[in-house]
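Participant: So the numbering used here is basically just the index in the first sequence, starting at one, shifted up by 105. The C-beta atom is built at its ideal place from N, Cα and C for all residues, glycine as well.
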Amino acid sequence: MRSGAVEIIRAALGSAIKEGVIKGERLPEIIIERPKKDEFGDFSTNIAMLLAPLEKKAPREVASALVGRIASDPLVEKCEVAGPGFINIFLKKSYWLSILERIISKGGDFGKSTLGQGKRVQVEFVSANPTGPLHIGHGRGAAVGDSLANILKAAGFEVTKEYYINDVGRQMEVLGRSVFLRYKELLGEKIEMPEEAYKGEYIKDIARDFILKFGDKYKVSSEAEAIPAFSAFSGAAMLDRIRKDLKDFGIEFDAWYSEKSLHEKGLVTATIEELKKRGHIYEAEGALWFRTTEFGDDKDRVLIKADGSMTYFSSDIAYHRDKVERGFSTLVDVWGADHHGYEARVRALIKALGYDDSVLKVIFIQLVALLRKGVPVPMGKREGEFVTLRQVMEEVGTDACRFFFLMRRSDAHLDFDLELAKSQAPENPVYYVQYCHARIHSIIGFAKEKGMEPPARFDLKLLERLDLKEETDIIKHLGSFEEVVERGAEAMEPHRITFYLMELAGLFHPYYNKNRVVTEDRELTDARLLLCGAVATVAANGLSLLGVSAPVKM
RNA sequence: GCGCCUGUAGCUCAGUGGAUAGAGCAUCGGCCUCCGAAGCCGAGGGUCGGAGGUUCAAAUCCUCUCAGGCGCGCCA
Numbered sequence: 106m107r108s109g110a111v112e113i114i115r116a117a118l119g120s121a122i123k124e125g126v127i128k129g130e131r132l133p134e135i136i137i138e139r140p141k142k143d144e145f146g147d148f149s150t151n152i153a154m155l156l157a158p159l160e161k162k163a164p165r166e167v168a169s170a171l172v173g174r175i176a177s178d179p180l181v182e183k184c185e186v187a188g189p190g191f192i193n194i195f196l197k198k199s200y201w202l203s204i205l206e207r208i209i210s211k212g213g214d215f216g217k218s219t220l221g222q223g224k225r226v227q228v229e230f231v232s233a234n235p236t237g238p239l240h241i242g243h244g245r246g247a248a249v250g251d252s253l254a255n256i257l258k259a260a261g262f263e264v265t266k267e268y269y270i271n272d273v274g275r276q277m278e279v280l281g282r283s284v285f286l287r288y289k290e291l292l293g294e295k296i297e298m299p300e301e302a303y304k305g306e307y308i309k310d311i312a313r314d315f316i317l318k319f320g321d322k323y324k325v326s327s328e329a330e331a332i333p334a335f336s337a338f339s340g341a342a343m344l345d346r347i348r349k350d351l352k353d354f355g356i357e358f359d360a361w362y363s364e365k366s367l368h369e370k371g372l373v374t375a376t377i378e379e380l381k382k383r384g385h386i387y388e389a390e391g392a393l394w395f396r397t398t399e400f401g402d403d404k405d406r407v408l409i410k411a412d413g414s415m416t417y418f419s420s421d422i423a424y425h426r427d428k429v430e431r432g433f434s435t436l437v438d439v440w441g442a443d444h445h446g447y448e449a450r451v452r453a454l455i456k457a458l459g460y461d462d463s464v465l466k467v468i469f470i471q472l473v474a475l476l477r478k479g480v481p482v483p484m485g486k487r488e489g490e491f492v493t494l495r496q497v498m499e500e501v502g503t504d505a506c507r508f509f510f511l512m513r514r515s516d517a518h519l520d521f522d523l524e525l526a527k528s529q530a531p532e533n534p535v536y537y538v539q540y541c542h543a544r545i546h547s548i549i550g551f552a553k554e555k556g557m558e559p560p561a562r563f564d565l566k567l568l569e570r571l572d573l574k575e576e577t578d579i580i581k582h583l584g585s586f587e588e589v590v591e592r593g594a595e596a597m598e599p600h601r602i603t604f605y606l607m608e609l610a611g612l613f614h615p616y617y618n619k620n621r622v623v624t625e626d627r628e629l630t631d632a633r634l635l636l637c638g639a640v641a642t643v644a645a646n647g648l649s650l651l652g653v654s655a656p657v658k659m
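If you want it as C-alpha cells, here you go:
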C-alpha cells in the first residue's frame with residue numbers, strides 16, 4: 106500500500122503543478138510513513154515541509170494545495186493538514202477490508218513480493234570449523250542466516266545458502282592429532298594431551314568410531330604417518346555431526362563449499378596470480394604480501410608465509426573471488442562479531458580485483474550470554490567444555506531456541522535465559538505468538554463443531570460487520586506484514602519479523618478476551634472467523650520466516 | 001594507541017530525520033459457571049551516556065567526549 110500512497114501523492118503533485126499552484130522545479134523524494142497515532146491518519150507524508158523552502162512558501166500553504174487533490178482519490182476517505190505541515194491521509198474502510206481478501210486468497214503466499222526481482226543472493230553462514238560441535242554462538246548465526254534467507258526468498262530474491270568448510274590447515278592437523286592421541290589412549294597407551302589439543306568429550310567419541318572402523322592398525326604409527334588419516338576421518342565425522350545438528354535445528358544448506366577444493370582446483374594460486382598481475386602483491390621479509398592498505402585496510406596482509414605455507418586469508422581471497430565471480434548480485438557473510446576486523450581486508454580483495462565491494466554485506470552476530478533464571482551460565486572453551494547448540498536445543502526445544510535467537514538485532518548482545526525459554530508462562534514470548542495461532546485454530550474448530558464453517562468466499566458486505574476499533578487495528582497491522590517483510594529483506598534484519606509477530610499476538614489476545622467470536626449472530630460470527638483466519642495465516646507465515654513452527658494445538 | 005559495535009524505564013530491548021519516545025519482564029492491584037488463563041485488564045516508572053553542531057524538525061545525521069564489549073598475528 107505504501108507504494109500506492111506514493112502514487113496518490115505523486116498524482117496530486119502532478120495536478121498541482123499542471124495548474125500552476127506549485128512550480129515543482131525540484132521535487133523531493135516522496136516519503137510515506139505510518140504515523141504512530143490514529144488521529145494522524147493511516148499514512149502521512151512530510152512532502153509539504155520538504156517542498157516549502159523550494160517553493161518559498163509556508164509548509165502548511167503547500168500542504169493545503171495538495172490535500173484536496175489527494176482527497177479526491179477513490180481510496181482516500183479524507184486528507185488533512187496537521188501540525189507543522191504534515192499531510193495525513195485516511196483511507197477508506199473498504200480498502201482495509203480488501204486486505205483481508207488478499208490474505209484469504211493468498212494464504213501461505215501472503216507476504217511474498219517481487220521486490221528482489223529474482224536477483225541472486227548468496228547467504229553464507231555458520232561456516233564453523235569442523236573441529237568441534239556447534240556452540241550457542243553458531244546457533245544464533247544459524248538462526249539469523251536461515252531466517253534471513255527465508256525473508257529474502259519471500260521478498261523475491263533467489264537465495265543460495267552456503268556453508269564454507271575450513272577443512273585444511275593447522276586446525277585440521279590439531280584435530281587429527283587430538284583424535285590420534287585419544288585413539289592411542291583407548292588402545293591402552295598412556296598419553297599426554299598438549300595444550301593446543303582439542304579436549305572435548307567428542308574427540309574421544311570420534312576416536313572410538315575410528316577404532317570401530319580401522320581397528321588398531323595405527324597404534325604404532327608415527328604422528329606424521331597417522332595424522333593425515335586421522336584428520337580426514339575426524340573432519341568428516343565432525344562435519345557429519347554439524348550437519349546433523351543443523352538439520353535438527355531445521356536448517357539445510359544448498360551448498361557446502363570446501364576450502365580444500367579451492368586448493369585442489371588451484372584457485373588460491375590463481376587468485377594470487379591475478380592480484381600479482383594487477384600489481385597488488387609484493388615480497389618482504391621472505392613472505393608474500395597483499396597490499397590491502399591501498400583499499401582501505403589498516404595494514405597489508407600476508408598470503409604466503411616465510412615458511413612457504415599459506416595463510417588462512419589466502420584461501421579466503423580465493424573463496425571470495427569465486428563467490429563474486431559466480432555472479433551473485435549480493436553476497437551476505439554472516440560472521441561472529443569478533444571477526445569484524447576481517448571485513449576491511451575482504452572488501453580490499455573485492456576492490457583489488459576490480460569489482461564493486463558493495464556486493465558484499467557482512468552481518469555480525471554478537472555473543473550470546475546464556476542465563477539460567479537470570480544467573481549467567483559459565484561458558485569458556487578452555488577445558489573443552491562449552492555449551493553446545495545441541496544441548497540448548499534439546500533443553501528448550503528448537504522453536505524456542507530459534508525464536509530467542511531472533512528476538513534481538515543480530516549485532517546486539519543477547520541474553521538467553523534457558524528457564525524463560527522453557528517456561529510455559531505468559532512471559533515467554535515464543536508461546537505468546539504460537540499460542541495466538543493455536544488459539545485461533547481452536548476457535549475455528551469450536552465454530553465447526555457448532556456447524557459454522559467460515560465462509561468460503563470473501564464478501565465485503567459481510568466484513569463490514571467488523572466495525573470495532575480493535576478489529577480495524579488488527580486488519581491494519583495485518584496489512585503491514587508485506588511491507589515488514591520487504592523492509593526486513595532490505596535491511597537484512599530478521600528480528601523485525603519477530604517484533605511484528607509479538608505485536609500481532611499482542612493485538613489479537615486482548616481482542617479475543619474482550620469479544621466473542623462465535624455467537625448467535627451468524628453474520629458477525631462469519632466475519633470474525635474470517636478475521637481470525639487471516640490472523641492465523643499471517644502468524645503462520647511470519648513464524649515460518651523465522652523457522653519456527655505454528656502449532657494448531659499446544 | 002588505532003578501528004568496529006553498543007549506551008533508550010529497575011532489567012532485557014524496539015524505535016525507516018518527524019507530531020506527547022514504546023514493548024516485554026520485574027513490582028503492585030484485579031479477571032476463569034462463558035470460543036484455550038501458554039491469556040486478559042489496571043497502576044507507577046525516562047536528563048534517549050554527556051557536550052556541541054546541521055535541520056523547520058535529532059534517540060536517529062556530523063564532531064568531540066565518557067563508559068562497556070570486541071578486534072588490531074607470517075593464528076585459524
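Within 10 Å of its beta-carbon, does L317 have 16 or more other beta-carbons around it, so buried, or fewer, so exposed?
Facilitator: Here residue 317 corresponds to residue number 212 of the first sequence, with the count starting at 1. Exposed, since its Cβ has fewer than 16 Cβ neighbours within 10 Å.
Participant: Leaving out the 5 sequence neighbours to the left and right, which residues in its chain are closer than 7 Å to R487 when beta-carbon positions are compared?
Facilitator: The count along the first sequence starts at 1 and reaches residue 487 at position 382. Unreliable positioning characterises R487 in this predicted model, as indicated by a pLDDT of 41, which lies under 50. A coordinate reading is not provided.
Participant: Any idea what DSSP makes of L651, helix, strand or coil?
Facilitator: Here residue 651 refers to the residue found at position 546 when the first sequence is read from its first residue. Reduced to three states, the DSSP call for L651 is helix.
Participant: Would you kindly report the start and end of the unbroken alpha helix (DSSP H) that includes A457?
Facilitator: Locating residue 457 in the first sequence gives position 352, counting from the first residue. It spans 448 to 457 - the alpha helix (DSSP H) in which A457 sits, taken as one unbroken run.
Participant: Are there three or more Cβ pairs, one per stretch, closer than 8 Å when the region 507 to 516 is compared with the region 621 to 635?
Facilitator: They do not touch, by the three-pair rule.
Participant: For D520, which three-state DSSP category applies?
Facilitator: Taking the first sequence and counting its residues from 1, the one referred to as residue 520 is at position 415. DSSP places D520 in strand when its eight states are reduced to three.
Participant: Pull up the CB-CB distance for V473 and L519, whole angstroms please, since I reckon it's below 8 Å.
Facilitator: Within the first sequence, the letter at position 368 stands for residue 473. Within the first sequence, the letter at position 414 stands for residue 519. With a Cβ gap of about 5 Å, V473 and L519 count as contacting.
Participant: Taking the alpha-carbon of K658 as reference, which of K309, H546, R562, K324 has the nearest alpha-carbon?
Facilitator: For this step, residue 658 is matched to residue 553 along the first sequence. The candidate whose alpha carbon is nearest that of K658 is H546.
Participant: Could you give the distance in angstroms between the alpha-carbon of S649 and the alpha-carbon of R131?
Facilitator: Start at 1 with the first residue of the first sequence, and residue 649 comes out as number 544. Start at 1 with the first residue of the first sequence, and residue 131 comes out as number 26. Rounded to whole angstroms, S649 to R131 spans 44 Å at the Cα level.
Participant: Which whole runs of the beta strand (DSSP E) in the region 136 to 203 are 3 residues long or more, in chain order?
Facilitator: List check, beta strand (DSSP E) in window: 148 to 150, 181 to 187, 191 to 196.
Participant: Output the distance between the C-alpha atoms of A233 and G244, rounded to the nearest integer angstrom.
Facilitator: Residue 233 sits at position 128 when you count from the first residue of the first sequence. Residue 244 sits at position 139 when you count from the first residue of the first sequence. Cα to Cα, the separation comes out at about 10 Å.
Participant: Can you tell me whether P164 is buried or exposed? The criterion is at least 16 other CB atoms within 10 Å of its CB, across all chains shown.
Facilitator: Reading the first sequence from its first residue, position 59 is the one you call residue 164. The residue is buried, with at least 16 neighbouring Cβ atoms inside 10 Å.
Participant: Are I135 and I113 closer than 7 Å when you measure CB to CB?
Facilitator: The residue you call residue 135 lines up with position 30 of the first sequence. The residue you call residue 113 lines up with position 8 of the first sequence. Cβ distance not < 7 Å, so I135 and I113 don't count as in contact.
Participant: Please determine if the region 240 to 254 and the region 331 to 346 are in contact, where contact requires at least 3 C-beta pairs separated by less than 8 Å.
Facilitator: Taking 8 Å as the limit for Cβ pairs, the verdict is that the region 331 to 346 does not touch the region 240 to 254.
Participant: If I'm right that K295 touches K324 with Cβ under 8 Å, what's the distance once you round it to whole angstroms?
Facilitator: Position 190 of the first sequence, counted from the first residue, corresponds to residue 295. Position 219 of the first sequence, counted from the first residue, corresponds to residue 324. About 13 Å; that fails the 8 Å criterion.
Participant: Are there 16 or more other CB atoms within 10 angstroms of the CB of P235, so buried, or fewer, so exposed?
Facilitator: Translated into positions along the first sequence, residue 235 becomes position 130. Per the 10 Å Cβ criterion, buried.
Participant: From the DSSP output, read off the bridge partner residues of T493.
Facilitator: If you number the first sequence from 1, residue 493 lands on position 388. Partner(s): H240.
Participant: Look up K466 in the DSSP assignment and say whether it is helix, strand or coil.
Facilitator: To locate residue 466, count along the first sequence from 1; it is residue 361. Correct three-state label for K466: strand.
Participant: Note down, in chain order, each residue of its chain lying with its Cβ closer than 7 Å to the Cβ of R513, except the 5 sequence neighbours on either side.
Facilitator: Your numbering for residue 513 matches position 408 in the first sequence. These residues qualify, in order along the chain: L519, H600.
Participant: Would you mind working out which of K217, S149, K162 sits nearest E185, comparing C-alpha positions?
Facilitator: By one-based count along the first sequence, residue 185 stands at place 80. Measuring from the Cα of E185, the nearest candidate turns out to be S149.
Participant: Residues in its own chain within less than 7 Å of A645 by CB, not counting five upstream and five downstream?
Facilitator: Translated into the one-based positions of the first sequence, residue 645 becomes position 540. Only H542, A655 meet the Cβ criterion.
Participant: Report all residues from its chain with a CB closer than 6 Å to the CB of G489; omit the five preceding and five following residues, and keep chain order.
Facilitator: As a position in the first sequence, residue 489 is number 384, starting the count at 1. For G489, the predicted structure reports a pLDDT of 39, less than 50, and the residue's modelled location is therefore unreliable. The matter cannot be settled from this model.
Participant: V467 and S420 - do their beta-carbons sit closer together than 7 Å?
Facilitator: Counted from its first residue, the first sequence places residue 420 at position 315. Counted from its first residue, the first sequence places residue 467 at position 362. No, the pair does not count as a contact, with Cβ atoms beyond the cut-off.
Participant: Our contact map puts A360 next to T265 with C-beta atoms below 8 Å; I'd like the distance itself, whole angstroms only.
Facilitator: In the first sequence, counting from the first residue as 1, residue 360 sits at position 255. In the first sequence, counting from the first residue as 1, residue 265 sits at position 160. Rounded, the Cβ-Cβ distance is 6 Å, consistent with contact.
Participant: Between the region 497 to 505 and the region 520 to 531, can you find at least three pairs of beta-carbon atoms closer than 8 Å?
Facilitator: Output reads yes: the region 497 to 505 touches the region 520 to 531.
Participant: Contact check, G371 vs D272 under 8 Å by CB: the rounded distance?
Facilitator: If you number the first sequence from 1, residue 371 lands on position 266. If you number the first sequence from 1, residue 272 lands on position 167. The pair is not a contact, with the Cβ atoms about 17 Å apart (cut-off 8 Å).
Participant: Looking at the structure shown, is Y665 part of a helix, part of a strand, or coil, going by DSSP?
Facilitator: Here the chain comprises residues numbered 106 to 659, so residue 665 is not present and cannot be evaluated.
Participant: Are the CB atoms of L612 and D572 within a distance shorter than 7 Å?
Facilitator: Numbered from its first residue, the first sequence carries residue 572 at position 467. Numbered from its first residue, the first sequence carries residue 612 at position 507. Contact: no.
Participant: Pick out whichever of V497, L280, H614 has its Cα sitting closest to the Cα of F354.
Facilitator: Your numbering for residue 354 matches position 249 in the first sequence. Checking every option, the nearest Cα to that of F354 belongs to V497.
Participant: Can you confirm whether the region 223 to 232 touches the region 421 to 438 when touching is taken to mean that 3 or more C-beta pairs between the two stretches lie within less than 8 Å?
Facilitator: Short answer: they touch.
Participant: Quick check: S363 and I270, are their CB atoms within less than 7 Å of each other?
Facilitator: As a first step, residue 363 is located in the first sequence; it is residue number 258 there, counting from the start. As a first step, residue 270 is located in the first sequence; it is residue number 165 there, counting from the start. Cβ distance < 7 Å, so S363 and I270 count as in contact.
Participant: Is V643 near F563, with beta carbons less than 7 Å apart?
Facilitator: Your numbering for residue 643 matches position 538 in the first sequence. Your numbering for residue 563 matches position 458 in the first sequence. Cβ atoms of V643 and F563: not closer than 7 Å.
Participant: Could you give the DSSP three-state label for G550: helix, strand or coil?
Facilitator: In the first sequence, residue 550 corresponds to position 445, counting from 1. G550: helix per DSSP, three-state reduction.
Participant: Helix or strand or just coil, what does DSSP make of D438?
Facilitator: Walking along the first sequence from the start, residue 438 turns up at place 333. Three-state DSSP puts D438 in a strand.
Participant: Distance check for T219 and G212, CA to CA, integer angstroms please.
Facilitator: Indexing the first sequence from 1 puts residue 212 at position 107. Indexing the first sequence from 1 puts residue 219 at position 114. Near 17 Å, if we compare the C-alpha coordinates of T219 and G212.
Participant: Is E328 helix, strand or coil when you go by DSSP?
Facilitator: Mapped onto the first sequence, residue 328 falls at position 223. E328: helix per DSSP, three-state reduction.
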